[in-house]
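Protein chains in written order, with UniProt numbering: chain A, 1 to 234; chain B, 1 to 234.
We treat Cβ as the ideally placed atom computed from N, Cα and C, and that holds for glycine.
Have a look at the structure below before the remarks.
There are 2 protein chains.
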Amino acid sequence: MEPSTDTAVPAGRAPTLHVRFADADAIPFPTRTVERGDALYCAGEPLRSLYTVQSGCFKTVATFPGGDDDSAPHAQVTAFHFKNETLGLDGVCTNRHESDAIALETSIVRIMPVGILEPLCREYAAMQHELLAIMSAEIVRASRLALMLGTMPARERVAAFLLDLAERLDARVSSSGEHASELLLPMTRADIGSYLGLELETVSRTLSKLQREGAIGLNGRQVRIVDRAMLERQ
Amino acid sequence: MEPSTDTAVPAGRAPTLHVRFADADAIPFPTRTVERGDALYCAGEPLRSLYTVQSGCFKTVATFPGGDDDSAPHAQVTAFHFKNETLGLDGVCTNRHESDAIALETSIVRIMPVGILEPLCREYAAMQHELLAIMSAEIVRASRLALMLGTMPARERVAAFLLDLAERLDARVSSSGEHASELLLPMTRADIGSYLGLELETVSRTLSKLQREGAIGLNGRQVRIVDRAMLERQ
DNA sequence: CGTTAACTTGATGCTAGTCAAGTCCTGTGG
DNA sequence: CCACAGGACTTGACTAGCATCAAGTTAACG
Numbered sequence: 001m002e003p004s005t006d007t008a009v010p011a012g013r014a015p016t017l018h019v020r021f022a023d024a025d026a027i028p029f030p031t032r033t034v035e036r037g038d039a040l041y042c043a044g045e046p047l048r049s050l051y052t053v054q055s056g057c058f059k060t061v062a063t064f065p066g067g068d069d070d071s072a073p074h075a076q077v078t079a080f081h082f083k084n085e086t087l088g089l090d091g092v093c094t095n096r097h098e099s100d101a102i103a104l105e106t107s108i109v110r111i112m113p114v115g116i117l118e119p120l121c122r123e124y125a126a127m128q129h130e131l132l133a134i135m136s137a138e139i140v141r142a143s144r145l146a147l148m149l150g151t152m153p154a155r156e157r158v159a160a161f162l163l164d165l166a167e168r169l170d171a172r173v174s175s176s177g178e179h180a181s182e183l184l185l186p187m188t189r190a191d192i193g194s195y196l197g198l199e200l201e202t203v204s205r206t207l208s209k210l211q212r213e214g215a216i217g218l219n220g221r222q223v224r225i226v227d228r229a230m231l232e233r234q
Numbered sequence: 001m002e003p004s005t006d007t008a009v010p011a012g013r014a015p016t017l018h019v020r021f022a023d024a025d026a027i028p029f030p031t032r033t034v035e036r037g038d039a040l041y042c043a044g045e046p047l048r049s050l051y052t053v054q055s056g057c058f059k060t061v062a063t064f065p066g067g068d069d070d071s072a073p074h075a076q077v078t079a080f081h082f083k084n085e086t087l088g089l090d091g092v093c094t095n096r097h098e099s100d101a102i103a104l105e106t107s108i109v110r111i112m113p114v115g116i117l118e119p120l121c122r123e124y125a126a127m128q129h130e131l132l133a134i135m136s137a138e139i140v141r142a143s144r145l146a147l148m149l150g151t152m153p154a155r156e157r158v159a160a161f162l163l164d165l166a167e168r169l170d171a172r173v174s175s176s177g178e179h180a181s182e183l184l185l186p187m188t189r190a191d192i193g194s195y196l197g198l199e200l201e202t203v204s205r206t207l208s209k210l211q212r213e214g215a216i217g218l219n220g221r222q223v224r225i226v227d228r229a230m231l232e233r234q
C-alpha cells in the first residue's frame, strides 16, 4: 500500500470519474450551507479550500473575456457537481478560483483548507494518491467534454448528457429495482445548453424529439429513461 | 516556504498554463527519444511514468467509442505539448493512459516514474505543490478548450489558437527583438481542425481570410503574426 | 392570483460541414 | 537531375444543422 495504492476506480473503458475523496472522511472538516442561486466561491477569489458536496448540487461557470471588450464575454457552464464530488481543483494552479460555483439547490459542502490538505497528503501516501487521482479524473472529464463539444452533433450530446447524469445520480437517488432511471434535473435548459455548447431551444427540441421517438419520458425537469440502448446508440 | 509555496505563475487574468515542472530538474531522470509519428504511449497502457518534453513536440489524441459500434468512433486532438510541458497527467486517475501521445517531430522526453515521483512529493512540499499546480493547470486548460469549442465561432477559435501558440513558442524560439511573431506550425491543418472542433477545410479557409484581412502572414506552415490586436479582437 | 422565469414550438438565415477539383510541396526512384 | 507519387493544402459549390428571432404555453413563486 505504499507508493501507488490502486485507487478504487473500475477499470472499464468508461471509468467513473468524479472520484470520491473518501480518505478525507476520517477528518472532522467543517461544513457550510449554500442557498440555491448563491455562490460558494467566485472567479478571482483567493483559493482557501477545496469543497466536497455533502448534499445538493452546483454548477461551475467559467468566463472568458470575449475578444472585443464591448462584445459579450464568453461564459459557459463547465461542470455540474453532485454528492461526493469535489470543487475548486481548478484554482490550485494560480491560487485563485478560475470559475464561479453556484448552488442549483440549497446545498451543504465540506470545507477542506488547502493549507491543511497538502501537509496531510505528505503524511499519508494513500491520501496523496487519491487527491492526485481526483485531479486527474477532472482532467479527463474536461477533456471528454471538449471531445463531446468538438465532435458530436446535438442529439448525441444530449443523449450522452442524460446517460452521464443517470449514472451519477442513480447511485444516490435510486431505490426501486434494477434500473431506476427516473431523473429530476436540477438545472435549467439554459444551463444544459451552456454546458453542451447548444442554445436552450436546441436542447428543448432535442429532448422533445427523443421523447417522440420513445427513448425517454419527459415532464418538465422530470426525465425517465425508457430505452437506454437507444440513447447509447445516438 | 512550507505548506503552500506560491508557485511562479503570473497573476494576470490569462495565467500561463502548462506550468513548468522545475523542481524535477534537480533529479537525474532518464530520457527517451521518440521519432516523428511514433507514439510515446497509447491509450489503455498502464501508467508507468509522467513525461516532460525536453525538445520537439507532441499531440495527444483521445478516442471515444462513437455510440453505434459500427459508426466511426469520435477522436480528437485534446492537446499539443511543447518544450517543458508535461504529458501523462490524465492517466493518474485510472492508472492507465487515457489518450495516445504522438510525436509531431523527433522529440526527447524526460521520464519520471510515478513510483518515484509520489514519494518525492511527500518529502518535498514545494515539489508536491508544483505537481498539484501542474495538474490544476491542465484542468483549466482543458476547461478553456471546452469553453472555446462551446462558445466561439471558427474565426475566434483559430485566432485564439494562434495567439496561444505564439505565447507558448515565443518564449523559446524567438531571438529577434520585441515580438518575434514568426511561428512554424509543427502540426497539419487536420490536427488543428481536430483540436478546434473544425474541419481542415474550415481551418484553411479561416487562415486564408485572416491573411487577406492583414492579421497574419501565411506561407504553408509558416505563420507571421502581423496584427496581434486584430487577432485578439476576433 | 398575478407576475415572471422556464419551457416549447415554429419560421428563417447563416455558419460550418461535405463533396469535389485542383495546386503545391516533399521526398523518392528512375 | 528530373519525373513522379503521395500527402498536405487551398478553393469553390452546395447542403445540413443549429442559431436566431418570435410567439405562445406552462410552471414556479411571492
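What does Gln-222 of chain A touch in chain B if you count any residue whose Cβ is under 8 angstroms from its own?
The residue you call residue 222 of chain A lines up with position 222 of the first sequence. The contacting residues do not exist; Gln-222 of chain A stays about 25 angstroms from chain B at best.
Nearest-angstrom Cα distance between Asp-25 of chain B and Val-34 of chain A?
Mapped onto the second sequence, residue 25 of chain B falls at position 25. Mapped onto the first sequence, residue 34 of chain A falls at position 34. One C-alpha to the other measures close to 43 angstroms.
Which value, in whole angstroms, describes the spacing of the CA atoms of Arg-48 of chain B and Pro-30 of chain B?
As a working note, residue 48 of chain B is residue 48 in the second sequence. As a working note, residue 30 of chain B is residue 30 in the second sequence. So the two alpha carbons sit approximately 13 angstroms from each other.
Say whether the region 49-65 of chain B touches the region 100-116 of chain A, bearing in mind that this needs 3 or more beta-carbon pairs closer than 8 angstroms, one atom from each stretch.
no
For the structure I just gave you, are there three or more beta carbon pairs, one from the region 112-125 of chain B and one from the region 88-100 of chain A, closer than 8 angstroms?
no
Suppose you measure from the CA of Glu-123 of chain B to the CA of Asn-95 of chain A; what does that come to, to the nearest Å?
The residue labelled residue 123 of chain B in the question sits at position 123 within the second sequence. The residue labelled residue 95 of chain A in the question sits at position 95 within the first sequence. Roughly 22 angstroms separates the two Cα atoms.
I'd like to know whether the C-beta of Glu-138 of chain B is nearer than 8 angstroms to at least one C-beta of chain A.
The residue you call residue 138 of chain B lines up with position 138 of the second sequence. Yes, contact with chain A.
Taking Cβ positions only, does Leu-149 of chain A come closer than 8 angstroms to chain B?
Taking the first sequence and counting its residues from 1, one reaches residue 149 of chain A at position 149. Yes, because at least one Cβ of chain B sits closer than 8 angstroms to the Cβ of Leu-149 of chain A.
His-81 of chain A by DSSP, collapsed to three states: which one?
Walking along the first sequence from the start, residue 81 of chain A turns up at place 81. His-81 of chain A falls in the strand class under three-state DSSP.
Output needed for Glu-199 of chain A: all residues of its chain with C-beta closer than 7 angstroms, excluding positions within five of it in sequence on either side, in chain order.
On the first sequence, position 199 is the one that residue 199 of chain A refers to. Correct list, in chain order: Gly-193.
Proximity below 8 angstroms, CB of Leu-183 of chain A to CB of Leu-196 of chain A
The sequence position of residue 183 of chain A within the first sequence is 183, counting from 1. The sequence position of residue 196 of chain A within the first sequence is 196, counting from 1. Taking 8 angstroms as the Cβ cut-off, Leu-183 of chain A and Leu-196 of chain A do not qualify as a contacting pair.
For Ile-27 of chain B, which three-state DSSP category applies?
Taking the second sequence and counting its residues from 1, one reaches residue 27 of chain B at position 27. The answer is coil: DSSP assigns Ile-27 of chain B none of H, G, I, E or B.
Would you say Glu-45 of chain A faces chain B, with C-beta separation under 8 angstroms as the test?
Taking the first residue of the first sequence as 1, we reach residue 45 of chain A at position 45. Cβ-Cβ to chain B under 8 angstroms: no for Glu-45 of chain A.
So that I know if they touch, is there some Cβ in chain A lying closer than 8 angstroms to that of Gln-54 of chain B?
For this step, residue 54 of chain B is matched to residue 54 along the second sequence. Gln-54 of chain B does not count as touching chain A.
Quick test of your reading: Phe-82 of chain A and Thr-52 of chain A, contact by CB under 8 angstroms. State the CB separation rounded to the nearest angstrom.
Looking up residue 82 of chain A in the first sequence gives position 82. Looking up residue 52 of chain A in the first sequence gives position 52. Contact flag wrong, Cβ pair sits at about 11 angstroms.
Let me see if you follow: with CB-CB separation under 8 angstroms, is Gly-177 of chain B close to chain A or not?
Position 177 of the second sequence, counted from the first residue, corresponds to residue 177 of chain B. Bear in mind that the predicted position of Gly-177 of chain B carries a pLDDT of just 49, short of 50, making it unreliable; the figure below should be weighed with that in mind. No, Gly-177 of chain B does not count as interfacial toward chain A.
Grab the span of the alpha helix (DSSP H) containing Thr-206 of chain A for me, first residue to last.
Along the first sequence, read from residue 1 onward, the residue named residue 206 of chain A stands at position 206. Start and end: 200-212.
When the distance is taken between beta carbons, is Ala-154 of chain B closer than 8 angstroms to Thr-202 of chain B?
Looking up residue 202 of chain B in the second sequence gives position 202. Looking up residue 154 of chain B in the second sequence gives position 154. Yes, they are a contact pair.
Excluding the 5 residues preceding and the 5 following Ala-72 of chain B in the sequence, name in chain order all residues of the same chain whose CB lies nearer than 7 angstroms to its CB.
In the second sequence, the residue the question calls residue 72 of chain B occupies position 72. The answer, listed in chain order, is Gly-66.
So is Gly-88 of chain A buried or exposed if we call it buried at 16+ other beta carbons inside 10 Å?
Within the first sequence, the letter at position 88 stands for residue 88 of chain A. With 16 or more Cβ atoms within 10 Å of its Cβ, Gly-88 of chain A is classed as buried.
Looking only at its chain, what residues have a beta carbon closer than 6 angstroms to the beta carbon of Val-173 of chain A, apart from the 5 residues adjacent to it on each side?
Along the first sequence, read from residue 1 onward, the residue named residue 173 of chain A stands at position 173. Low confidence applies here, because Val-173 of chain A scores a pLDDT of 48, under 50, leaving its location unreliable; read the following figure in that light. Closer than 6 angstroms at the Cβ level, and outside the excluded window around Val-173 of chain A, lies no residue.
Can a CB atom of chain A be found closer than 8 angstroms to the CB of Phe-64 of chain B?
Numbered from 1 along the second sequence, position 64 holds the residue referred to as residue 64 of chain B. Closer than 8 angstroms: yes.
Nearest candidate by alpha-carbon position, reference Arg-36 of chain B, set B:Leu-50, B:Met-187, B:Glu-138
Here residue 36 of chain B corresponds to residue number 36 of the second sequence, with the count starting at 1. For Arg-36 of chain B, the nearest C-alpha among the options comes from B:Met-187.
When the cut-off is 8 angstroms and only beta carbons count, does Glu-199 of chain A lie next to chain B?
The residue you call residue 199 of chain A lines up with position 199 of the first sequence. Cβ-Cβ to chain B under 8 angstroms: no for Glu-199 of chain A.
Using the C-alpha atoms, what's the distance from Gln-211 of chain A back to Ile-111 of chain B?
Mapped onto the second sequence, residue 111 of chain B falls at position 111. Mapped onto the first sequence, residue 211 of chain A falls at position 211. Their backbone Cα atoms lie some 51 angstroms apart in a straight line.
Can you look up Ala-126 of chain B in the DSSP assignment and give me helix, strand or coil?
Position 126 of the second sequence, counted from the first residue, corresponds to residue 126 of chain B. Three-state result, Ala-126 of chain B: helix.
Tell me whether the beta-carbon of Arg-189 of chain B lies closer than 8 angstroms to the beta-carbon of Ser-204 of chain B.
Position 189 of the second sequence, counted from the start, is the residue given in the question as residue 189 of chain B. Position 204 of the second sequence, counted from the start, is the residue given in the question as residue 204 of chain B. Yes, these two residues count as a Cβ contact at 8 angstroms.
Per-residue burial, Gly-177 of chain A [other beta carbons within 10 Å of its own, 16 or more giving buried]:
As a working note, residue 177 of chain A is residue 177 in the first sequence. Residue confidence is low: Gly-177 of chain A scores 49 on pLDDT, short of 50, so the model does not pin down where it sits. Its coordinate-derived value is still stated next. Label assigned to Gly-177 of chain A: exposed.
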